[in-house]
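In the working numbering, the protein residues as written are -15 to 555.
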């Protein structure tokens, strides 16, 4: 996959987990803010002015702090929501489930705190209102449980959906909450005097428990909190496992129907080659067949197979040697260890999937292609700083590595990658509708690219089913452009039980193409923000499948799983 938030293989278990995390996080946000605003509405009906943030004739310092706090707590809502909806995690980790638990605890604590405060609860320091000093219930455990609930919720969602922008806003919000606490402590000391000072002595600002409170109630509360969290997590896991266990048994048609269920925007094209015959069908909502139109799809990382074929062409012309390190072709400092062309082709260079660059911040802010605006100079500068000094690196799927291969091709042919690949696809291969995306097509949400973007060679091609079936036929026919691309260059063995339960294996790799040696299948897939694709073929039975989808790779059942099922059914 090209999009930096997706791995190469769309792991079904991982997809289900992600969907569960997303659903749970959105439910948590909804419960939190529903409770918050419901409390305000109920108090307003009683004539209580709950929201007193930055209002009234207060000291200037307090007005500034409350204004910034209001800004922080409002701004973080869209950041959290976008991070969840678009799964903008910078990494995937078991900590995601811990984050969900922490966030759920935050909501639980916040609701109890609001309930305990009754009509004394305020957002901001009241200028004139006289409220009661509440020290009972959860306030025996913490002087600021409502703020603690905010912090837990912010921290939990951040852990589950971490990215730098999210981190920035979460830290901003939590710092402002702490500053507000300090202001409220001064206010409460002035308003209540010795009773509040005594309360401060025996109860901590955040966590210290009132020693005067009985042991049993404390244990009950703590156990209740963890039981609620555990039950919620167990429920989500049971739901996810039940869905995952059903997937391997689904047929292609059943999987397709589920993937497109109640989605009027779905347009999935499935093409097959069998017994020398080429055919395709287009499916829409609920798996219903649509007219057999040639829709234009982003093919994502299937672009890498074109880049690999261009490398193969350069090798056959004596322009490139697979065993050469990349400093033979790019202007890089002497003395640094660099990977070979072979290692880049097989994702064994040691390079990461991508390296964070400044343009990614703006791209994230406006919802643009992650790799938009990352130039040749940016890639070369990064190469100059990296040191790949190990003799061997395991398989790590790298969009960055294929961006580097694109630069190598530009140097050896003295031509920009767009011109190279468009000419290769359309003139050498006869694929007249296959080209670097110009954002023109009959579907929506195509990624925007600049003409000199360095990541074009990793996933910027658009095509249609007619061209991609012709491309698949070339693979089956052993076309000279591709025959060597299917030969094993590295043994990777990165399959796991989850992949294998869906019939997906990654045993060896050629020039970009993945080899499933157990089933005799050669394949590759691709994904961008709103598209995903799969091309797999079985040379022995001379069958092939192409799946092109206008749905994101993380949406229900991805094209890879659909393609594997269909290929298994026809061969």
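Beta carbons are placed, not taken as given, at the ideal position from N, Cα and C, and that holds for glycine.
*Is residue 130 closer than 8 Å to residue 94 when the C-beta atoms are compared?*
yes
*Classify residue 341 as helix, strand or coil using the three-state DSSP reduction.*
coil
*Contact set for residue 445: own chain, Cβ-Cβ below 8 Å, skip 5 residues either direction*: 282, 283, 286, 287, 290, 405, 409, 418, 419, 420, 421
_Inter-stretch contact (C-beta, 8 Å, three-pair minimum) for the segment 83 to 92 and the segment 177 to 192_ = no
*Does the beta-carbon distance from residue 98 to residue 14 come in below 8 Å?*
no
*asked:* Tell me the rounded alpha-carbon separation between residue 371 and residue 322.
replied: 7 Å
*asked:* Quick check on residue 476: does DSSP put it in helix, strand or coil?
replied: coil
*Kindly indicate which residue of 141, 102, 161 has the alpha-carbon position closest to the one of residue 48.*
161
*Run through DSSP, which three-state label would residue 461 get?*
helix
*Would you kindly report the start and end of the unbroken beta strand (DSSP E) that includes residue 522?*
516 to 522
*Kindly indicate the opening and closing residues of the alpha helix (DSSP H) around residue 130.*
129 to 144
*Take residue 536 and list the residues in its own chain whose beta-carbon comes closer than 6 Å to its own, dropping the five residues that flank it on each side.*
514
*Kindly give me the distance between the Cβ atoms of residue 399 and residue 435, rounded to whole angstroms, as I take these residues to be in contact under 8 Å.*
Not quite, the Cβ-Cβ distance comes to about 13 Å (not below 8 Å), so this is no contact.
_Identity of the residue in 467, 496, 311, 165 nearest residue 395 by Cα_ = 311
_Going by DSSP in three states, residue 511 sits in which element: helix, strand or coil?_
strand
_Is residue 127 a contact residue of the ligand SAH, with contact defined as CB to any heavy atom under 7 Å?_
As far as ligands go, the structure on display features none, and thus does not contain the ligand SAH.
_In the DSSP assignment, the beta strand (DSSP E) including residue 500 goes from what residue to what residue?_
498 to 500
*Quick one: which unbroken beta strand (DSSP E) runs of 3-plus residues sit fully inside the segment 245 to 306? Chain order, please.*
252 to 258, 261 to 267
*asked:* Using C-beta distances below 7 Å, list every residue in its chain close to residue 196, excluding the 5 sequence neighbours before and after it, in chain order.
replied: In this predicted model, residue 196 has a pLDDT of only 49, less than 50, meaning its place in the structure is not dependable; the value taken from the coordinates is given anyway. The residues are 186.
*Alpha carbon to alpha carbon, how far is residue 377 from residue -8? Give it in angstroms, no decimals.*
In this predicted model, residue -8 has a pLDDT of only 39, less than 50, meaning its place in the structure is not dependable; the value taken from the coordinates is given anyway. The alpha-carbon atoms of residue -8 and residue 377 are separated by roughly 17 Å.
*asked:* If I follow the unbroken beta strand (DSSP E) through residue 528, where does it start and stop?
replied: 527 to 533
_Three-state secondary structure (DSSP) of residue 419_ = strand
*residue 309, enclosing beta strand (DSSP E) - first and last residue*: It is not in any beta strand (DSSP E) - residue 309 carries neither H nor E in the DSSP assignment.
_Pick from 325, 361, 369, 431 that is closest to residue 348, judged by C-alpha positions_ = 431
*How close, in whole Å, do the beta carbons of residue 389 and residue 295 come, if the pair is a contact with beta carbons under 8 Å?*
6 Å
*Anticipated Cβ contact below 8 Å, residue 144 with residue 9, distance rounded*: 6 Å
*For residue 335, count neighbouring Cβ atoms within 10 angstroms of its own Cβ and tell me buried if that reaches 16, exposed if not.*
buried
_Short of 7 Å in beta carbon distance, which residues of its chain neighbour residue 236, apart from the five on each side in sequence? Order them along the chain._
546, 549, 550, 553
_Our contact map puts residue 504 next to residue 523 with C-beta atoms below 8 Å; I'd like the distance itself, whole angstroms only._
7 Å
*So what does residue 324 bridge to, in DSSP terms?*
309
*Enumerate in chain order the residues of its own chain whose CB-to-CB distance from residue 74 is below 6 Å, with the five nearest sequence positions on each side excluded.*
146, 147
*asked:* By DSSP's criteria, residue 506 is part of a beta bridge. Which residues make up the other side?
replied: 499, 521
*Coil, strand or helix - residue 488 by DSSP*: coil
*Cut-off 7 Å between Cβ atoms - residues of its own chain near residue 298, not counting five sequence neighbours on either side*: 304, 393, 396
*Closer than 7 Å by C-beta to residue 292: which residues in its own chain qualify, once you throw out the five before and the five after it? Chain order, please.*
329, 469, 495, 496
*Leaving out five residues on either side along the sequence, give the residues of the same chain with a beta carbon under 6 Å from the beta carbon of residue 233.*
none
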